[in-house]
Structure formats: C-alpha cells, structure tokens
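See below for the structure under consideration.
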Amino acid sequence: MRAIWKGSIAFGLVSIGVKLYSATEEKDVSFHQVRRSDGSRVRYRRVAEADGEEVAYADIAKGYELPSGETVILTDEDFADLPLPSTRVVDVLQFVPTDQIDPIYFAKSYYLEPEKTALKPYILLRDALDTSGQAGLVKVAIRNREQLALLRVRDGVIVLSTMIWPDEIREADFNFLDQDVDVRQQERAMADSLVASMAGDFNPEEYSDDYRDALQRVIDAKVEGREIVEPEEAQPSTSNVVDLMSALRASVEAAKASRGEVAAAASAPTRKMVTASATPKKAAKKAPAKKAAAKKAPAKKAAAKKAPAKKAPTKKAPAKKAPAKKAPVKKAAAKKAPTRKSA
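So the sequence shown is numbered by this note's numbering: it starts at 5 and just counts up by one.
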C-alpha cells in the first residue's frame, strides 16, 4: 500500500507521527468508452466554451458562480491561505462511546501506521481505546477539506473513519411517518419471531458480489469467443400479500429451514406449508377449506334471517283463533240437518 497522507495525532500533549492508507478499495469491473466499430478509445478534451480551445490541466482553476451569473475564480494559492488548524494533524477533540455514533455519519476508512519513532505512544493510544471501548472524535484535513473523523481499533490497527457533518444529513421527511397503521399483536410477535429466526453472527466472508462475478464471466467468455447461455431463474411473485400473518409465518419457517431446521419444520403441522415440495399442494388443499368456511358464513346469516320469519306466525296467533269461533256455527248447521230428515 502507498501512504496518501502523513501527519500526527495530537493526543493531549503527546504527538504521534502516522501515515494514512486507504483501508478499502473498489473492485468493480471498470470499462473504457470505445468506438463500437473498432474499439478505438474515446477521450474527452477540456475545451473552453468561449473559443473552443483546449485548456491544459495546469491552466484550470475553480470557479464559483454567483446568483448574478458572474464567476469568482479561485486558484490553488487561495486555498492554501485558508486557515486549517487540523492540516497534517489529527486533533483529538474528545472520547465518546462507539455505539453513540450513527453509522450514517461514516464516509471512508483509513489505516493509521505509526512512524518508527512513534511506535510506543501509538501502542499506548491503541490499547487505551481498545480497553475503554471508547472512540476518539477528531478533526482532520485531507485534500484541503476539514472533516470530522473517528479513531477506533480494528485488528490491532488504529482506523480513522471520516464522517460527514450534521448539516449534510438529509431529514427523513416522508408522509407515511404521520400515518396510523393498525398492527395486531400477533403480527408483531410473528415479525419478532422472523427476526429471531434469521439472527446470527456477521461473517463477511459468506457474502460476495454476484453481479461482478457474472459480469467477469461474460468478459471471459468474450475473450474465449464462446456464447453465453444463462438459464432463466424464476422471478419472485409481485402480487400483493393479502394475509400478512401467513406471509410472516412462511418467512419464519423458510428461514428456519435454510438454517438446517428442516426436520423440525416437517414435524409441525403449520410448518409443512413451507417445505419446497409440499408448499403448492398443501396450500391448494387449505384454500378450499377457507372457501368452505366462507360459504358457511352466508348460511348462518340466512338462518338468522329466517328466524324472524318463524316468529312472525306466533304473533298472528290471535288471527287463527277467529276461525275457531266460527266452528260452533258449522255445528249448529249440522244439528238442523236431522230435523229436515224427520220431516
């Protein structure tokens, strides 16, 4: 590695000489712009708008445009005269608990290597940070820009992580934050269970950039002159989730199955729905059960509607007694019949 900055850490009255190295590197596949027909490189020239003449890099300055449209020209000499007390010095402001720093503040990380004459104070500062669990909040100027930064320990080396300023963080102003969402307790419990089932220790070696690997294979195939045929993978469904509880439960069981708990998943009745082979069939079997329940619901309502109809005749019972009073009239007619026969 090549040092990109040299300076010192001002730790109280102690000055620790250090070198700054980039702790990370981009490994993305890089490309050049070329002409499609023959692969000839396409290059850009710095051209002045006023006359179209090409401008040498040494003749380029920085311009700040005013609201009026006029431009203020700043040269390297103007930047050199700016008061930057933290130039070449990592000035420790205070020590703070690491967990109080929101990761949104972090920008880029650098390794700090001690100068040969500063090894002992470097070790003292490193061990003090490691033992206390604190991090050093510092100010540092890198490439003529003053930044907040944090000193912490990683693998026995002091790491300087630059930070952005508080006014550079945008406010999370979204409409959904003011909306009231009715979340059931069962749904919260299932969501907590999903998080617990997927919890584990962070091992960065388990993850890789699949897109970069695939792109590299395409490039290698182009070099070998062979055609790439990639099988199409099934795309996840984009349909809306109707039953949130079912989706959470299935996610929990899928997470457990991926962690080697397949046997336990197969033994429980509610877990069979997430196994790779049983999911479609058993989901299909359960679907009619839900429909049957839906059909029974109207039947109950219909019965409830007919109940008043049965009670209605009981209210009209007095109307039925009126014909009962006419019955003696019919019997009287029956008694007159014999008198006619005697005549």
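Ideal Cβ placement from N, Cα and C applies to all residues, glycine included.
N- and C-terminal bounds of the beta strand (DSSP E) containing residue i
i      : result
Glu150 : 149-158
Glu69  : 66-69
Ile77  : 75-78
According to DSSP, residues forming a beta bridge with residue i
i      : result
Val3   : Past the boundaries of the shown model lies residue 3; the chain is included only from 5 to 347, so the question cannot be answered.
Leu248 : In DSSP, Leu248 forms no bridge with anything.
Thr166 : Ala153
Lys143 : Asp95, Leu152
Ala14  : Ser19, Asp95
Pro118 : Val22
Phe110 : Met167
Pro101 : Gln138
Glu58  : Val51
Within 9 Å, strictly: CB atoms of residue i and residue j
i      : j      : result
Gly43  : Val93  : no
Glu58  : Arg47  : no
Ser201 : Ala259 : yes
Leu152 : Val142 : yes
Met167 : Tyr109 : yes
Trp9   : Tyr114 : yes
Leu86  : Asn179 : no
Arg174 : Met249 : no
Ile162 : Arg130 : yes
Val144 : Glu150 : yes
Ser165 : Leu154 : yes
Val96  : Gly16  : yes
Leu198 : Val256 : yes
Whole-Å CB distance - residue i paired with residue j, under 8 Å assumed
i      : j      : result
Ala54  : Tyr25  : Between Tyr25 and Ala54 the Cβ distance is about 42 Å, and since that is not below 8 Å, they are no contact.
Leu252 : Ala195 : 6 Å
Ala139 : Phe99  : 7 Å
Leu78  : Ala65  : 6 Å
Glu81  : Thr75  : Contact flag wrong, Cβ pair sits at about 17 Å.
For residue i, the first and last residue of its enclosing alpha helix (DSSP H)
i      : result
Leu219 : 214-228
Met194 : 189-201
Asp134 : 123-136
* Any contact of the stretch 7-23 with the stretch 117-126, i.e. 3+ C-beta pairs under 8 Å? -> Flag = yes, the stretch 7-23 and the stretch 117-126 touch.
* To do: Decide if the stretch 26-41 is in contact with the stretch 207-223; the criterion is three or more beta carbon pairs, one per stretch, under 8 Å apart.
  => yes
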